[in-house]
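Some notes on the structure that comes next.
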Amino acid sequence: MTGLPRRLRALPLRSRLALLVAAAVAAAVAAVAAACWFVTREQLEHQLDESLRNSTAIDETYVQNLLNACAGTAARQRPAPGSYSVQIIATNGDPCAAPPRRAPFPTTDEDIAVAGGDRNSVLHTVTDTDGAKLRVYTYQIRLDRPGPGTDTTLGVSVARPMSDVTDPLSTLAWVLLLVSGIGVVGAGAAGLWIARTGLRPVDDLTRAVEHVAETEDLTVRIPAEGEDEIARLSRSFNAMTSSLATSRDRQSQLIADAGHELRTPLTSLRTNIELLARSDDTGRAIPPEDRKALMSSVKAQMTELAALIGDLQELSRPDAAQPGPLQVVALHDITRTALQRVRLRGPELTITAELAPWYVRAEPAALERAVVNVLDNAVKFSPAGGTIEVVLHRGELSVRDHGPGIPAEELPHVFDRFWRSPSARQLPGSGLGLSIVARTVQQAGGEIALTPAEGGGTVAAIRLPGAPQPPPGR
């Protein structure tokens, strides 16, 4: 039993569908054919029995003549009308058959009981000496003879061959078998055609997947027409390949941009180290001021490389990755800690802060890094002795500097990876800070925007939804 399902699973899907359709049609046709055959048999048998009961041609005169012919007092009786076979059964059970039968058909105890007056009639099936089956109806008849007390009770058996029923049933069975066979074959062919037509989009999808697997060509698209499951599958495949192509392009762009950004500090670092090594090899001492400047440059380049590598590690997680466990944190405390770190980097700047309590759900370390990056940008672009205004009110953290501002045509690109304004390329940085900020804020369910400030400068606004309740102990 287990071998057949395994063989079916080994067949192509369209062949399995065609077989299933053919099997379903075969079962339905077989059920209908069987019901038709049994209903027809019941009807034919009922009609045969009714014809035996209503055989009006077998009247009392015919029986009397047959009885006289059997006693030898009259000429041979004419045959019974139609296909009936008639015989008389005496009370002692002796039969007398009407022509054209040469011998009577078998009588039963029930027939003798009818002839003896114990029963009125009986209907049954017997097999004659030739092996043919007969349907027999035996009923009681009284013959009046001259003189008192001369009534004669006899049994009259009227029979018809069962071939009147079985022959049409055999013909019907062959017709039903032929029609069923044609129907099953036609259903199988139609199922195969429907399977091929319906699965053609699946074949296209299969070829597309195989093509992508062999060539890694993610530009393949499958036409999607309609709103059925196949069309939805095609659209899903197209969306998947488009997302994969975008992801691969962004990965390639990230590698190219990272290589470009790493090349500049590495080249400068290599140049400075070569100058120091050449000085040691040639014995020509570098003036102390120049040596100190070289060492400071090497230290700054090492710091820049470390910051760039840290930013790359932060961005190594895919954008669609789930954030770490979120906690209810105090945004005002995180901002206050970030301000302490930033004030050390710009001691000549004036930083004012108005921080109203506000609790959010976020990753504490990631959120602090995002706030520090925003404040670092404000410090980087603020002029010496300038002012930075930090305000936290009703979930909106705004940081305003009084620097040169950002041109309107550059605002759409400020959150792109490695993008740096042409006017800021000479300043330290990797171009990844605001990209990290945007992702962290989005993971916390908020949004960030950079807009020009009135009177010059830029305003960075971070909006984060409040937490349902402050953390315990607050």
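According to mature numbering (1 follows the signal peptide of the UniProt record, and there is no 0), the stretch in the sequence shown is residues -33 to -1, 1 to 441, in order.
Glycine residues also receive a C-beta, built at the ideal position from the N, C-alpha and C atoms.
Sequence-distant residues of its chain with Cβ nearer than 7 Å to residue i (five each side left out)
{"i": "leucine 139", "result": "Trp4 and Thr7"}
{"i": "valine 381", "result": "Ile373, Leu401 and Leu417"}
{"i": "glycine 413", "result": "Ile429, Arg430, Leu431 and Pro432"}
{"i": "alanine 320", "result": "Leu306 and Val357"}
{"i": "isoleucine 108", "result": "Glu27, Val30, Leu121 and Val123"}
{"i": "arginine 308", "result": "Val339"}
{"i": "alanine -16", "result": "Gly155, Gly158, Leu159 and Ala162"}
Burial state of residue i, where buried means 16 or more other Cβ atoms lie within 10 Å
{"i": "proline 135", "result": "exposed"}
{"i": "threonine 186", "result": "exposed"}
{"i": "glutamate 9", "result": "exposed"}
{"i": "leucine 431", "result": "buried"}
{"i": "residue 481", "result": "One cannot answer for residue 481 here, as it falls past the ends of the chain, which runs -33 to 441."}
{"i": "glycine 424", "result": "buried"}
{"i": "glutamine 54", "result": "buried"}
{"i": "glycine 370", "result": "buried"}
{"i": "asparagine 87", "result": "exposed"}
{"i": "proline 254", "result": "exposed"}
{"i": "valine 125", "result": "buried"}
{"i": "glycine 422", "result": "exposed"}
{"i": "residue 463", "result": "Residue 463 lies beyond the stretch modelled for the chain, which goes from -33 to 441, so this question has no answer here."}
{"i": "tryptophan 160", "result": "exposed"}
{"i": "threonine 208", "result": "buried"}
{"i": "aspartate 257", "result": "exposed"}
{"i": "isoleucine 222", "result": "exposed"}
{"i": "threonine 173", "result": "exposed"}
{"i": "proline 190", "result": "exposed"}
{"i": "tryptophan 325", "result": "buried"}
{"i": "threonine 407", "result": "buried"}
{"i": "arginine 367", "result": "buried"}
{"i": "isoleucine 276", "result": "exposed"}
{"i": "alanine -12", "result": "buried"}
heavy atom of the ligand SAH below 6 Å from residue i C-beta
{"i": "isoleucine 240", "result": "Absence of the ligand SAH from the depicted structure is noted, as is the absence of any ligand whatsoever, leaving it without description."}
Test: residue i CB closer than 7 Å to a CB of chain D
{"i": "isoleucine 240", "result": "As a matter of chain content, chain D is missing from the structure shown, which is built from one protein chain."}
Span separating the alpha-carbon of residue i from that of residue j
{"i": "proline 62", "j": "proline 71", "result": "6 Å"}
{"i": "isoleucine 301", "j": "leucine 334", "result": "8 Å"}
{"i": "alanine 297", "j": "alanine 305", "result": "13 Å"}
{"i": "valine 81", "j": "alanine 2", "result": "36 Å"}
{"i": "leucine 144", "j": "arginine 199", "result": "43 Å"}
{"i": "alanine 162", "j": "leucine -21", "result": "8 Å"}
{"i": "threonine 164", "j": "serine 203", "result": "21 Å"}
{"i": "alanine 157", "j": "threonine 75", "result": "57 Å"}
{"i": "aspartate 286", "j": "asparagine 340", "result": "Bear in mind that the predicted position of aspartate 286 carries a pLDDT of just 47, short of 50, making it unreliable; the figure below should be weighed with that in mind. Cα-Cα distance, rounded: 19 Å."}
{"i": "tyrosine 106", "j": "glycine 122", "result": "6 Å"}
{"i": "isoleucine 79", "j": "aspartate 97", "result": "22 Å"}
{"i": "glutamine 14", "j": "arginine 127", "result": "12 Å"}
{"i": "glycine 313", "j": "serine 365", "result": "19 Å"}
{"i": "glutamine 393", "j": "arginine 336", "result": "Residue confidence for glutamine 393 is low, a pLDDT of 49 falling below 50, so the modelled location carries little weight; the figure read from the coordinates is stated next. Looking at the two C-alpha atoms, the distance is approximately 23 Å."}
{"i": "leucine 110", "j": "threonine 92", "result": "27 Å"}
{"i": "serine 210", "j": "aspartate 216", "result": "10 Å"}
{"i": "lysine 259", "j": "leucine 316", "result": "27 Å"}
{"i": "leucine 33", "j": "threonine 58", "result": "16 Å"}
{"i": "tryptophan 141", "j": "threonine 94", "result": "25 Å"}
{"i": "arginine 328", "j": "isoleucine 318", "result": "26 Å"}
{"i": "leucine 272", "j": "glycine 250", "result": "30 Å"}
{"i": "arginine 361", "j": "alanine 323", "result": "7 Å"}
{"i": "alanine 411", "j": "isoleucine 197", "result": "37 Å"}
{"i": "glycine 193", "j": "serine 201", "result": "11 Å"}
{"i": "glycine 153", "j": "alanine -1", "result": "17 Å"}
{"i": "threonine 310", "j": "aspartate 383", "result": "In the sequence as displayed, the identity of residue 310 is arginine instead of threonine. C-alpha separation (whole angstroms): 27 Å."}
{"i": "arginine 245", "j": "valine 295", "result": "56 Å"}
{"i": "proline 350", "j": "alanine 405", "result": "25 Å"}
{"i": "valine 169", "j": "threonine 213", "result": "25 Å"}
{"i": "residue 445", "j": "alanine 332", "result": "It is not possible to answer for residue 445, since the shown part of the chain is limited to -33 through 441."}
Close Cβ partners of residue i (< 6 Å) along its chain, the five nearest in sequence each way excluded
{"i": "serine 235", "result": "Gln268"}
{"i": "proline 419", "result": "Gly372"}
{"i": "serine -19", "result": "none"}
{"i": "glutamate 183", "result": "none"}
8 Å Cβ shell around residue i - same chain, five flanking residues per side excluded
{"i": "valine 426", "result": "Ser365, Val366, Arg367, Leu417, Thr418, Pro419 and Ala420"}
{"i": "leucine 11", "result": "Asp131, Val132, Pro135 and Leu136"}
- With contact counted as at least three CB pairs below 8 Å, one residue from each stretch, are the region 12 to 32 and the region 176 to 191 in contact? Because the criterion of three Cβ pairs below 8 Å is not met, the region 12 to 32 and the region 176 to 191 do not touch.
- Let me know the alpha helix (DSSP H) ranges lying completely inside the region 48 to 127, each 4 residues or longer, listed in chain order. 76 to 82
- Segments assigned alpha helix (DSSP H), at least 4 residues, entirely inside the region 125 to 213: 130 to 165 and 167 to 182
- Message: Check whether the region 92 to 112 and the region -25 to -7 are in contact - that is, three or more C-beta pairs closer than 8 Å.
- Response: Between the region 92 to 112 and the region -25 to -7 there are fewer than three inter-stretch CB-CB distances shorter than 8 Å, so the stretches are not counted as touching.
- Cβ contact check for the region 256 to 265 and the region 236 to 246: 3 or more pairs under 8 Å: yes
- Item | 4-residue-minimum alpha helix (DSSP H) runs that sit fully inside the region 296 to 322, ordered along the chain | 298 to 310
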